[in-house]
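These notes are about the structure you will find just below.
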Amino acid sequence: MTVMKTSMRNFFAHKGRMALSAVAVLLSVAFVCGTLVFTDTMNTTFDKLFATTASDVTVSPKEAKSDDTPQNGRPASLPAATVQQVAEADGVKSVEGGVSSMNVTVVDDENKNMGSSNGAPTIAGNWTKGDLRSMEITSGHAPRGPTETMVDADTADKHHLKIGDELRTISVVGDFKAKIVGIATFKVTNPGAAIVYFDTATAQRELLGAEGRFTQVFATAATGVSDTQLKQNVSQALDGSYKIQTAKENADENRQDVGEFMNVIKYAMLGFAGIAFLVGIFLIINTFSMLVAQRTREIGLMRAIGSSRKQVNRSVLVEALLLGFVGSILGVGAGVGIAIGLMKLMSMAGMNLSTDDLTIKASTPVAGLVLGVVVTVLAAYLPARRAGKVSPMAALRDAGTPADGKAGWVRALIGLVLTGAGGYALYAAATADTAKDGSLLLAGGVVLTLIGFVVIGPLLAGGVVRVISAVILRAFGPVGRMAERNALRNPRRTGATGAALMIGLALVACLSVVGSSMVASATSELDKSVGADFIVEGNQRIVPQAQKAMEQTPGLAHVTSYKEVEAVLTSPDGKKDDSQVTAADPSYAQDLRRATTAGTLSAAYGKDSMSVGSDYAKDHGVHVGDTISVAFKGGETA
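Each residue of the sequence shown is one higher than the one before, starting from 7 at the first, in our numbering.
Here you go:
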């Protein structure tokens, strides 16, 4: 009880200094909790969406093995007869054929893209009864002919669309225009996808290029039939060439795809949280070191009247526990605020996230509290240990700097070794053969170098302070000299304070240099390798109409079209490699600058001719005049 009372009294007696460390704990915990709440909320949003859009059983084509799907950009499809086969399976209450494509671009009459700007897809498809599970028509009616379309309410609000407006849809088949006759609103949160609906015949013709084809078949189970049983029945009715999933399996697959994207965001934000914790550790160590130094006589008096080392040690650790608890509690609340703020920012950027889906799992505040308290107590351990070593005789002396304020040669040696190892790892990263090895070496080099600088910081503090004092502080007279002596009085304290600032500045400098270097590198590579003045590309196949329009544009010397197709190359040594082969016009050689190491590039455009990269030629011993077999995924061979 005496230890607790002493700790409480000291804690509230130094509220100013404790507040600074509490802010460090607060920010660190807030980053962690904010990240967890934000990612959990996004997962909840997508889970609700997947749960409402998935039918009891979905039938779709398996992974495309033909040249049709990957090369022409059209979605893999199945025949209309599949719908009837599924309908005849036992336990089926109702069945519908669905048409869906993400290889589309939708623009208004001013050619402004209606798609999301945050990476969410634009999805075009046919309106079915099953869509009523997740959407309701709030204005107008469903499309009924080739000139009618319906859009989701979020897209309509974002782009100020209304019934009667005309939209142009560009697909891999071609482009066509249709007027908006209806607006549908999601019953759950739409994370940002732009949805465009047509009637079934129009969707088949304009999105798939063939009538009587569907991309999915949706089956609803009869009363008393489970999804698993329905899946078995549908599998028996089909020939095994299709992918059949229950609603749960479909949702799990979609969740896994979204999870990969979410993990990138989650780990990036947790990385910032880790940096915040690292900076906070130095602030906490520095705060408690100064408090212990100030209270040397007080601690000595406690020892003189009978307090043991353990009691003094525990007294400081209890203060750290209180600091960690208060900072963590506030950090959990701030983390929820950060998550809500991020949701608002994402909504402004086009990814709609509703606070109605705000998800705070029980593990999130627990993790924040445990992490904040444990890190704070561990950071205060060394100052607490030094406090326990204070002699009772210290009560008879003036308070001063602890005897161990100087950095020893062991610390210097450790710091030099760590810094040297980090520098070597950074050099190895710059000369690594693969990106994977380079990334690992880079991460290790950065960590070792930072730790090395932190360890060696107190050794450098004296010299740096003297140089700065000679250049700047002397101009301030007695105040400058006082500041110099105070900084030199305890190199460890000065080094610890400088380490926190060093990490923050290193992070800012790193991000700035990396960003500028990436831009400069990309610009340099484009200037060296690309001779064309303009490059037109997209996430989907460029339709012939667009190519023709470019060729007719005045002022262009030539327009080069090229296409990348998947193929299997068989070299003269018999080895087979999956590769992408580029088919292009002869002018491609002018637009893409490549050094020719053997033969002539123009000869590659002749019949039964091709060129290969120098790496491929070296790996397979290929020379000019050798024959390479090219097997396209569609079955054709050249």
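C-beta: ideal position from N, C-alpha, C; glycine also.
Alpha-carbon spacing of S107 relative to G218, whole angstroms: 16 Å
What number of angstroms, rounded off, separates the C-alpha of D583 from the C-alpha of A623? 12 Å
Shorter than 8 Å, the distance from the beta carbon of L377 to the closest heavy atom of the ligand PLP, or not? In terms of ligand content, the structure shown is empty, and the ligand PLP therefore cannot be addressed.
Going by the beta-carbon positions, is the gap between T51 and P197 smaller than 9 Å? yes
How many Å lie between V549 and N239 at the Cα? 41 Å
Could you check what DSSP says for P81 in three-state terms: helix, strand or coil? coil
With a threshold of 8 Å, are at least 3 pairs of Cβ atoms found where one atom belongs to the region 94-113 and the other to the region 126-138? yes
In whole angstroms, what is the alpha-carbon distance linking P683 and E142? An answer regarding residue 683 cannot be provided, because it is not within the stretch 7 to 644 covered by the chain.
With a threshold of 16 other CB atoms inside 10 Å of the CB of C39, please say whether the residue is buried or exposed. buried
Considering only the alpha carbon of each residue, which of P578, Y568, Q596 and T603 lies closest to A589? Y568
Ignore the nearest five residues each way along the sequence and tell me which others in K71's own chain have a CB closer than 7 Å to its CB. Because the pLDDT of K71 is 43, which lies under 50, any placement of that residue in the model is unreliable, and the number read from its coordinates should be weighed accordingly. There are no such residues.
For T633, does the three-state DSSP call read helix, strand or coil? coil
Closest by CA to A185, which one among S34, L167 and V178? Checking the sequence shown, residue 185 turns out to be Lys, not Ala. With distances taken between Cα atoms, K185 lies closest to L167.
Is the beta carbon of G428 closer than 9 Å to that of L456? yes
Under the rule that 16 or more other beta-carbon atoms within 10 Å means buried, what is G483, buried or exposed? exposed
State buried or exposed for S313, treating a residue as buried only when at least 16 other CB atoms are found within 10 Å of its CB. buried
So what does DSSP say about E452, is it helix, strand or coil? Note on residue identity: the sequence assigns Val, not Glu, to residue 452. Reduced to three states, the DSSP call for V452 is helix.
Between the region 277-284 and the region 28-45, can you find at least three pairs of beta-carbon atoms closer than 8 Å? yes
Nearest by alpha-carbon distance to A538: which of E557, H564, E154 and L244 is it? H564
Cβ neighbours of D363 in the same chain (closer than 8 Å, five flanking residues each side left out): T47, T50, T51, K54 and T195
Just list the residues that DSSP pairs K665 with in beta bridges. Outside the displayed range of the chain (7 to 644) lies residue 665, so it cannot be described from this structure.
Pair within 9 Å by beta-carbon distance, V223 and V380: no
I think G330 touches G378, with their Cβ atoms under 8 Å apart; what is that distance to the nearest whole Å? 5 Å
On a Cα-Cα basis, can you pick out the residue from I271, Q210, T144 and M354 that is closest to T41? I271
Roughly how many angstroms lie between the CA atoms of T161 and T155, to the nearest whole one? 13 Å
Based on Cα-Cα distance, which residue from F56, V485, G188 and T134 lies nearest to V264? F56
By Cβ distance, which residues of its chain are closer than 8 Å to H629, with the 5 residues on each side in sequence left out? A604 and A623
In the DSSP output, which residue or residues are listed as bridge partners for F278? In the DSSP output, where bridge partners are listed per residue, F278 has none listed.
How many Å lie between W415 and A476 at the Cα? 26 Å
Sequence-distant residues of its chain with Cβ nearer than 7 Å to T234 (five each side left out): T252
Going by C-alpha to C-alpha distance, which of E94, L26, G136 and V98 sits closest to A60? G136
Taking the CB atoms as reference points, tell me whether P464 and R498 lie closer together than 9 Å. yes
How close, in whole Å, do the beta carbons of K249 and K68 come, if the pair is a contact with beta carbons under 8 Å? 5 Å
Chain-order list of residues whose beta-carbon lies under 8 Å from that of A257 (same chain, five-residue window excluded): D53, F56, A57 and A60
In the region 135-219, which residue ranges form an unbroken beta strand (DSSP E) of at least 3 residues, counting only runs that do not cross its ends? 141-146, 154-158, 172-176, 181-192 and 200-204
Pairwise C-alpha distance: T88 and C516: 56 Å
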